[in-house]
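Undergrad: Using my numbering, you'd call the opening residue of the sequence shown number 20 and step up by one each time.
Just so it is clear, CB atoms sit at the ideal spot from N, CA and C, and this is done for glycine as well.
Computed from a predicted model, the values in this text were never measured in an experiment.
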Amino acid sequence: MSKASHINKKILSDQLLGKPVEYHDIYQPLLLRTVPRSFSRKLLSFDLNQIKLTGEDIWTLYEISWLNQKGLPQVAIGELVLDIRSTNLIESKSLKLYLNSFNQTRFSNLEAVQKTIEHDLNYYAIGFVRVTLFQLEDARDKTIGHLNGVCIDKQDISISNYELNPHYLKNSTAQDIVEEQLVSHLLKSNCLITKQPDWATIQISYHGFRIYHEPLLRYLISYRKHYEFHEQCAERIFHDILKYCKPNKLSVYIRYTRRGGIDINPWRSNTEYVPYLTRLVRQ
């Protein structure tokens, strides 16, 4: 058994997820499950301090509901931001189960719900987590946008390999120095717990030797049968591009489609970078 398989097996054995579960509608923080970020980072020999990595995992929570003190249902949309230096990431299905436990629980107001979620996630992530809840009328201006960059998807190439292969990025750069943004809508990985497909749009911003589009697209498509969490895929892609293409500056931003009322949008960068926070058409 490979080291990666052994670690994945350990992660699975520690989860109650991917198994039949009982849905709770009374507040229950013990439903939350975490995964240490160190598991995947050890495989990549990923040192945050050495490469001066920054980033966040930005989640949109579309299905939040609770009862007010008179028993009247309330609803909101949430934004959750986890710093990548937190010890743990939050497993997404457990977060959905946890949020469902608010459905029949009474709270005094929206701020009380927000503080409760933020407190619990800070505790389980062991790191900084920011939670913001929006009334639906406050979210009316959140329109569908798109990520800027050259789309690399319209290439006339044959694909036969769908197993993760970072070696596509070997010798994948030209000699000229450029600064550009590249976008692909063809990224697909798979949930390590549920085995369900995770669809995404990825934006790669870099400064350095020009990256050929064909090997980069082949590399991204090789995730099609890969099983890993969203956040781990983002760091793996960042790591592989940095290792093989050696850009001076690199930012990787992935917006995954919504599943179970949640979308997850990780970004990683070794330079000053502010992601464009917009809902994409598939979200």
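What residues are listed by DSSP as bridge partners for asparagine 107?
TA: Pro55.
Undergrad: When the cut-off is 9 Å and only beta carbons count, does valine 300 lie next to chain D?
TA: No chain D appears in this structure, which consists of one protein chain only.
Undergrad: Three-state secondary structure (DSSP) at asparagine 284?
TA: It is a strand residue.
Undergrad: Under the assumption that tryptophan 218 contacts tyrosine 275 (Cβ atoms under 8 Å), give the Cβ distance between them as a whole number of angstroms.
TA: The Cβ separation is near 7 Å, so the contact holds.
Undergrad: Mind reading off the beta-carbon distance from histidine 197 to arginine 229? Whole number of angstroms is fine, and I expect it under 8 Å.
TA: The question names histidine, but residue 197 in the sequence shown is valine. Sure, about 5 Å apart at Cβ, within 8 Å.
Undergrad: Which partner residues of valine 94 appear in the DSSP bridge assignment?
TA: Ser84
Undergrad: Would asparagine 107 and tyrosine 81 qualify as a contact pair, given that the criterion is a beta-carbon distance under 9 Å?
TA: no
Undergrad: Please report the residue range of the beta strand (DSSP E) in which tyrosine 272 lies.
TA: 268-275
Undergrad: So, for asparagine 284: in the same chain, excluding its five sequence neighbours on each side, which residues have a beta-carbon less than 6 Å away from its beta-carbon?
TA: If the five residues before and after asparagine 284 are omitted, its C-beta is found closer than 6 Å to the C-beta atoms of Ile77 and Arg274, all from its own chain and listed in chain order.
Undergrad: Would you mind reading off the limits of the alpha helix (DSSP H) that contains glutamine 251?
TA: 249-264
Undergrad: Could you work out which residue in His249, Thr151, Tyr187 and Ala193 is closest to alanine 95 when comparing CA atoms only?
TA: Thr151
Undergrad: Could you pull the start and end residues of the alpha helix (DSSP H) that histidine 232 belongs to?
TA: It spans 232-240 - the alpha helix (DSSP H) in which histidine 232 sits, taken as one unbroken run.
Undergrad: Could you tell me if aspartate 282 is buried or exposed, where buried requires 16 or more neighbouring beta carbons within 10 angstroms of its beta carbon?
TA: buried
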